[in-house]
Amino acid sequence: MAYTIAVAGKGGVGKTTLCGLLIQYLCEKEKGPILAVDADANSNLNEVLGVEVESTLGDIREEIARAEMMDPSPIPAGMSKQDYAAFRFNSALVEEDDYDLLVMGRTQGSGCYCYVNGLLTAQVARLSSQYEYIVVDNEAGMEHISRGILPHVDAVILVSDCSRRGIQAVGRIAELVKECKLNPGAMGLIVNRAPEGSLNEGIREEIGNQGLNLIGVVPHSEAVYEFDCEGRPTAVNLPQDSPVRKALIEAVEKLLHS
Ligand SMILES: Nc1ncnc2c1ncn2[C@@H]1O[C@H](COP(=O)(O)OP(=O)(O)O)[C@@H](O)[C@H]1O
Ligand SMILES: [Mg+2]
Numbered sequence: 090m091a092y093t094i095a096v097a098g099k100g101g102v103g104k105t106t107l108c109g110l111l112i113q114y115l116c117e118k119e120k121g122p123i124l125a126v127d128a129d130a131n132s133n134l135n136e137v138l139g140v141e142v143e144s145t146l147g148d149i150r151e152e153i154a155r156a157e158m159m160d161p162s163p164i165p166a167g168m169s170k171q172d173y174a175a176f177r178f179n180s181a182l183v184e185e186d187d188y189d190l191l192v193m194g195r196t197q198g199s200g201c202y203c204y205v206n207g208l209l210t211a212q213v214a215r216l217s218s219q220y221e222y223i224v225v226d227n228e229a230g231m232e233h234i235s236r237g238i239l240p241h242v243d244a245v246i247l248v249s250d251c252s253r254r255g256i257q258a259v260g261r262i263a264e265l266v267k268e269c270k271l272n273p274g275a276m277g278l279i280v281n282r283a284p285e286g287s288l289n290e291g292i293r294e295e296i297g298n299q300g301l302n303l304i305g306v307v308p309h310s311e312a313v314y315e316f317d318c319e320g321r322p323t324a325v326n327l328p329q330d331s332p333v334r335k336a337l338i339e340a341v342e343k344l345l346h347s
């Protein structure tokens, strides 16, 4: 089974940016085949990685659900719906040299998707066994994980900005992780965009109050901010010796070896 790392935190704190850098780090370390999963409804991990996405798992799900009701059905005669799902599923997978990317996409439309969800969950499970690492860019609620669409989690990286409210928000996510019995072997907090890379005392105190395990402080970087503003993929453009990369790698190594 793949070692699964989930990244979570409230919106705008830098989850996607750090996820992109983490994926690139694992690729460079030749940590084996890696699956990147964009599980945020507001999906944009591909922009940080600099790859194009044609369709999401959500799109495929809609298509399979619609295929049921269409006459004639686009499912070839003699092909089971399960096989059709498997066949179409592959079109939602973006294959790069070092990693593959799967975008969950939005959950939309009413009606019952239980059956289709079941098919796709089975596909994700089958797929996930083919990788060494899976890195999941989540939204705060970690919906796809808590609903069992994505496999179990080995490590959770909580990301917060340098604010008390940000720390309180990850504190609530840590609670959710416990309530959902995700039982990750490791869970650590990265504080991102710290001015001059140093942590304010008040924030440190709040981290203590929330009982969180601080694994790293990533500095605010004008370069990261500018790449984003210019629409240039951060993971591709950020220099190797960037303090942001260094701080992230240190934190990840600490978590993986804890
Ligand atoms: N260390 C950093 N220094 C400067 N800007 C950052 C840093 N990390 C993230 N950002 C910027 O913050 C914004 C939100 O980042 P993003 O990764 O999209 O957050 P999230 O995925 O949590 O919503 C982007 O404009 C991004 O470039
Ligand atoms: Mg994001």
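For the sequence shown, position 168 matches number 257 in the numbering used here, and the numbering has no gaps at all.
Glycine included, every Cβ here is placed at the ideal spot set by N, Cα and C.
Quick caveat, the model's predicted, so the values are computed rather than measured.
Residue i, enclosing beta strand (DSSP E) - first and last residue
i, result
"P308", "303 to 308"
"I223", "222 to 226"
"I123", "123 to 127"
Sequence-distant residues of its chain with Cβ nearer than 8 Å to residue i (five each side left out)
i, result
"G100", "N131, E228, A229"
"E339", "G305"
"L337", "L107, L110, L111, Y114, I279, G305, V307"
Residues bridged to residue i [DSSP beta-bridge criterion]
i, result
"L247", "A97, L278"
"E184", "D189"
"Y92", "Y222"
"A283", "P308"
Distance cut-off 6 Å: residue i Cβ against heavy atoms of ligand 1
i, result
"V313", "yes"
"H346", "no"
"H233", "no"
"H241", "no"
"S331", "no"
"D317", "yes"
"S287", "no"
"G101", "yes"
Nearest to residue i (by Cα), restricted to the options the options
i, options, result
"E152", "R177, E264, A166", "R177"
"T105", "Y173, V313, S347", "V313"
"V137", "G109, N302, E119, D129", "G109"
"A275", "E268, D243, E264, S249", "D243"
"V259", "A166, A97, A336, E342", "A97"
"I292", "C251, S180, L107", "C251"
"L344", "E285, I279, P284", "I279"
"S331", "L107, T93, V266, A95", "L107"
"I149", "R261, T210, P284, M231", "T210"
"Y173", "A154, V307, D186", "A154"
Beta carbon proximity, residue i to chain C, threshold 7 Å
i, result
"F178", "Looking at the structure shown, chain C is missing, and only one protein chain is on hand."
Residue i: CB within 6 Å of a non-hydrogen atom of ligand 4
i, result
"R282", "Ligands in the displayed structure: ligand 1 and ligand 2; ligand 4 is not one of them."
Beta-carbon proximity list for residue i, same chain, < 7 Å, skipping 5 on both sides
i, result
"D113", "The question names Asp, but residue 113 in the sequence shown is Gln. The residues are A324."
"S217", "A91, L124, I223, P240"
"I296", "I256, L278, L303"
"E185", "V140"
"I122", "Just to set this straight, residue 122 is Pro in the shown sequence, not Ile. Counting only Cβ-Cβ distances below 7 Å, and skipping sequence neighbours, we find Q219, Y220, E221."
Limits of the unbroken alpha helix (DSSP H) element including residue i
i, result
"N131", "Taken as a continuous stretch (DSSP letters only), N131 belongs to no alpha helix (DSSP H), as it is neither H nor E."
"N326", "323 to 326"
"L209", "203 to 217"
"V140", "Note, V140: premise wrong, no alpha helix (DSSP H); not H, not E."
"I158", "The sequence given here has Met at residue 158, not Ile. Note, M158: alpha helix (DSSP H), 146 to 158."
"N36", "Any answer about residue 36 is impossible in this case: the structure gives the chain only from 90 up to 347."
"Q257", "253 to 268"
Residue i: CB within 6 Å of a non-hydrogen atom of ligand 2
i, result
"T105", "yes"
"D129", "yes"
Residues near residue i in its chain [Cβ-Cβ closer than 6 Å; skip 5 each side]
i, result
"D127", "L134, V192, D226"
"Y204", "none"
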